[in-house]
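Beneath this line is the structure, given in structure tokens, with notes to follow.
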Amino acid sequence: MRNGWGGKIFPALLLLGGLLAPLPVLADAASEAKAFVAKLADRAVNQIGRAQVNEEERAERVRSLMSDNFDIPAVARFVTGRVGKMADEAQQKEFQQVFLDYQVHTWAKRFKDYGGQTLEVDAALPPDEAGVISVESRLLDGVGKPPILVTWRVRSGDDKILKTVDIVVEGVSMALTMQSDYRSILQRQGLGGLTKALKEKVEAIRSGKMEVPPLKASTAK
Amino acid sequence: MKSKKASSITSSAVVSLLALTLVAGCATPPAAGDKEAQAEWVQTNDPAEPTNRNLHAFNQGIDDNVLKPMAEGYRDYVPANFRTNIRNVLTNLSEPLVAANDLLQGEFLRAANAIGRFCVNSTFGFLGMGDVAGGGGLEHHDEDFGQTLAVWGVGEGPYIVLPLLGPSNPRDAVGTAVDFVGNPTNWFIPGLPLAASVGKGTVTAVDKREKYLEPLNEVQRTSLDYYASLRSLYRQKRADDIRNGKKGPTMPAPGLAAMDAESTKAAH
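Top line first, the protein sequences correspond to chains R and C.
Mapped onto this note's numbering, the consecutive letters of the first sequence carry residue numbers 100 to 320.
Mapped onto this note's numbering, the consecutive letters of the second sequence carry residue numbers 8 to 275.
This is the structure we're talking about:
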């Protein structure tokens with residue numbers, strides 16, 4: 100009798116446990132992703148936006164923020180698509196480097212006249228089939244102006260460390276837009292041509308020839 | 008004499024536009040064997056790319072020489088509160104059309120919002136110059152017949168660039184035409200419909216261009232291929248507008264992880 104009950108209850112408990120177990124795991128992943136984005140935004144505001152440092156130091160801080168929080172190799176592979184995949188490893192590495200430089204110098208300039216914006220993290224959606232978690236947030240820019248909706252697409256790699264793979268601003272994905280922007284030069288001049296063109300952009304930003312306006316709510320809308 | 012000159016300018020513009028369109032033709036699709044190139048071709052969805060690029064260049068010429076300088080002048084010489092009043096009037100005139108499209112999409116609460124805004128702002132807002140309803144929490148939203156068609160299940164079709172109007176697709180082009188004909192504020196003044204429409208159209212275009220001065224400058228400056236960036240931005244923004252900003256299953260997934268796994272496999 101006792102055996103009979105135990106024999107039924109025990110597997111039932113196991114089954115129940117098996118059903119319930121993934122739920123806390125999913126919830127954990129979502130809250131972990133939310134905390135990750137909040138921490139990233141906090142670091143950007145306090146260590147870069149509000150910090151009174153010279154241009155070089157600001158760029159260095161943006162670089163370390165990006166290296167720590169963005170999966171640059173994955174984004175670089177995505178935006179260069181099949182042409183990038185066919186290029187040799189040295190070329191891919193060089194592109195990644197220049198691509199990161201480009202992001203670093205663009206964002207260092209954007210943060211130069213930081214206007215006091217803050218990011219409020221709202222909700223995180225459960226991971227999609229590719230393991231990417233979408234964290235929704237709002238960029239607030241003082242009073243009166245409507246907030247800008249920013250979705251952070253994050254996932255953890257083999258090392259279990261969360262990294263950002265895309266930022267979606269008001270429904271516009273940065274990764275998709277860059278992929279589209281780079282496609283024709285990749286088709287015509289290969290990965291080398293794209294690397295060269297981006298290098299020129301980096302130089303133009305550094306020398307001040309290419310103006311990058313500061314981060315403002317109205318410019319992103 | 009004057010009109011003759013004007014008409015010759017118009018006709019030469021039309022001729023050059025036609026020439027641009029005809030010379031280019033269509034892009035060549037990739038070979039059937041190349042799966043990745045095929046996928047890229049489908050994703051780009053721009054079979055008339057050479058023609059579209061020419062039309063984009065034509066529009067760009069008009070933007071650089073006419074529309075953008077007008078928008079900059081408008082910003083420099085018209086005080087900000089006047090510009091806000093003008094934008095409010097234009098927004099208010101669009102509310103009946105927004106409400107109609109909301110109804111056609113079965114979005115009754117949003118339709119009520121648009122009708123409420125129109126009533127409040129047309130009266131308490133002094134013919135729409137002030138956004139009293141917005142201050143009271145009734146925020147404006149956009150809606151158009153292209154979006155209605157999308158909600159009804161009509162696909163966007165290939166990307167096209169319309170002369171003067173810019174990025175579009177067959178669905179949105181039909182939407183634009185239906186909205187224009189169906190907008191009561193376009194046939195409001197029976198005596199001078201053409202002058203009124205042209206006037207309102209010009210003000211609308213300048214107001215809209217002024218609103219997008221910075222973002223478009225930024226896109227133009229930072230992109231390597233302005234045409235392709237605009238194409239991508241247009242598509243993504245439309246998809247977001249159709250979903251009314253809600254996240255949906257159609258959210259473009261960059262598939263970074265999938266791509267990553269593939270390239271890791273290839274490396275090993």
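For every residue, glycine included, the Cβ atom is placed at its ideal position computed from N, Cα and C.
Taking 8 Å as the CB-CB limit, is residue i close to chain C?
{"i": "Pro225/R", "result": "no"}
{"i": "Ile260/R", "result": "no"}
{"i": "Ala316/R", "result": "Residue placement at Ala316/R is flagged as unreliable, the pLDDT there being 42, under the threshold of 50; the coordinate-derived value follows with that caveat. No, no contact with chain C."}
{"i": "Leu139/R", "result": "no"}
{"i": "Glu269/R", "result": "yes"}
{"i": "Asp167/R", "result": "no"}
{"i": "Ser279/R", "result": "yes"}
{"i": "Ser272/R", "result": "yes"}
{"i": "Ala207/R", "result": "no"}
{"i": "Thr179/R", "result": "no"}
{"i": "Ala296/R", "result": "yes"}
{"i": "Arg282/R", "result": "yes"}
{"i": "Thr263/R", "result": "no"}
{"i": "Pro246/R", "result": "no"}
{"i": "Leu275/R", "result": "yes"}
Does DSSP put residue i in a helix, in a strand, or in coil?
{"i": "Gly173/C", "result": "strand"}
{"i": "Phe169/R", "result": "strand"}
{"i": "Asp186/C", "result": "helix"}
{"i": "Glu299/R", "result": "helix"}
{"i": "Arg254/R", "result": "strand"}
{"i": "Glu43/C", "result": "helix"}
{"i": "Val311/R", "result": "coil"}
{"i": "Thr263/R", "result": "strand"}
{"i": "Ile304/R", "result": "helix"}
{"i": "Leu240/C", "result": "helix"}
{"i": "Ser272/R", "result": "strand"}
{"i": "Val158/C", "result": "helix"}
{"i": "Leu223/C", "result": "helix"}
{"i": "Val139/C", "result": "helix"}
{"i": "Val73/C", "result": "helix"}
{"i": "Val136/R", "result": "helix"}
{"i": "Ala316/R", "result": "Bear in mind that the predicted position of Ala316/R carries a pLDDT of just 42, short of 50, making it too unreliable to give a figure here."}
{"i": "Leu145/C", "result": "coil"}
{"i": "Leu285/R", "result": "helix"}
{"i": "Leu293/R", "result": "helix"}
{"i": "Val181/C", "result": "helix"}
{"i": "Glu248/R", "result": "Going by the sequence as given, residue 248/R is Leu instead of Glu. Leu248/R: strand per DSSP, three-state reduction."}
{"i": "Val152/R", "result": "coil"}
{"i": "Val85/C", "result": "coil"}
{"i": "Ala260/C", "result": "Per-residue confidence for Ala260/C stands at a pLDDT of 47, beneath the threshold of 50, marking its modelled position as unreliable; the derived number appears in the next sentence. If DSSP states are grouped into helix, strand and coil, Ala260/C belongs with coil."}
Return no unless some Cβ of chain R is closer than 8 Å to the Cβ of residue i.
{"i": "Ala223/C", "result": "Contrary to the premise, residue 223/C reads as Leu rather than Ala in this sequence. No - not a single Cβ of chain R is within 8 Å of the one on Leu223/C."}
{"i": "Arg82/C", "result": "no"}
{"i": "Glu114/C", "result": "no"}
{"i": "Gly68/C", "result": "no"}
{"i": "Asp267/C", "result": "For Asp267/C, the predicted structure reports a pLDDT of 46, less than 50, and the residue's modelled location is therefore unreliable. A value from the coordinates is still provided. So, interface residue."}
{"i": "Ser239/C", "result": "yes"}
{"i": "Asp53/C", "result": "no"}
{"i": "Lys215/C", "result": "no"}
{"i": "Asp109/C", "result": "no"}
{"i": "Leu231/C", "result": "yes"}
{"i": "Gln243/C", "result": "yes"}
{"i": "Ser175/C", "result": "no"}
Is the beta carbon of residue i sitting closer than 8 Å to the one on residue j?
{"i": "Leu231/C", "j": "Ile147/R", "result": "no"}
{"i": "Leu218/R", "j": "Ser233/R", "result": "no"}
{"i": "Gly123/C", "j": "Leu104/C", "result": "no"}
{"i": "Tyr219/C", "j": "Asp53/C", "result": "no"}
{"i": "Phe135/R", "j": "Leu224/R", "result": "no"}
{"i": "Tyr201/R", "j": "Val301/R", "result": "yes"}
{"i": "Val271/R", "j": "Leu240/C", "result": "yes"}
{"i": "Ala87/C", "j": "Glu217/C", "result": "no"}
{"i": "Glu86/R", "j": "Asp70/C", "result": "Lying outside 100 to 320, the shown extent of chain R, residue 86/R is not represented and no answer is given."}
{"i": "Leu290/R", "j": "Val182/R", "result": "yes"}
{"i": "Pro226/R", "j": "Ala128/R", "result": "yes"}
{"i": "Thr211/C", "j": "Leu97/C", "result": "yes"}
{"i": "Asn128/C", "j": "Asn108/C", "result": "no"}
{"i": "Ala238/R", "j": "Val220/R", "result": "Contrary to the premise, residue 238/R reads as Leu rather than Ala in this sequence. No, the Cβ-Cβ distance between Leu238/R and Val220/R is not below 8 Å."}
Just the chain D side, please: which residues come within less than 9 Å of residue i by C-beta, in chain order?
{"i": "Arg287/R", "result": "The chain inventory of the structure shown lacks chain D, comprising the protein chains R and C."}
Under 8 Å, with one C-beta from each stretch per pair, do the stretch 143–162 of chain R and the stretch 276–294 of chain R reach the 3-pair mark? no
Touch check for the stretch 165–174 of chain R and the stretch 195–209 of chain R: three-plus C-beta pairs under 8 Å? yes
Just list the alpha helix (DSSP H) runs in the stretch 96–134 of chain C, keeping only unbroken ones of 4 residues or longer that don't cross its boundaries, in chain order. 115–130
Within the chosen definition, does the stretch 48–68 of chain C reach the stretch 229–243 of chain C through at least 3 CB pairs nearer than 8 Å? yes
Completely contained alpha helix (DSSP H) runs for the stretch 163–238 of chain R, where each covers 4 or more residues: 171–185, 188–209
Would the stretch 150–169 of chain C count as touching the stretch 181–192 of chain C if we require 3 or more Cβ pairs under 8 Å? yes
The stretch 115–132 of chain C contacting the stretch 161–179 of chain C, beta-carbon criterion three pairs below 8 Å: no
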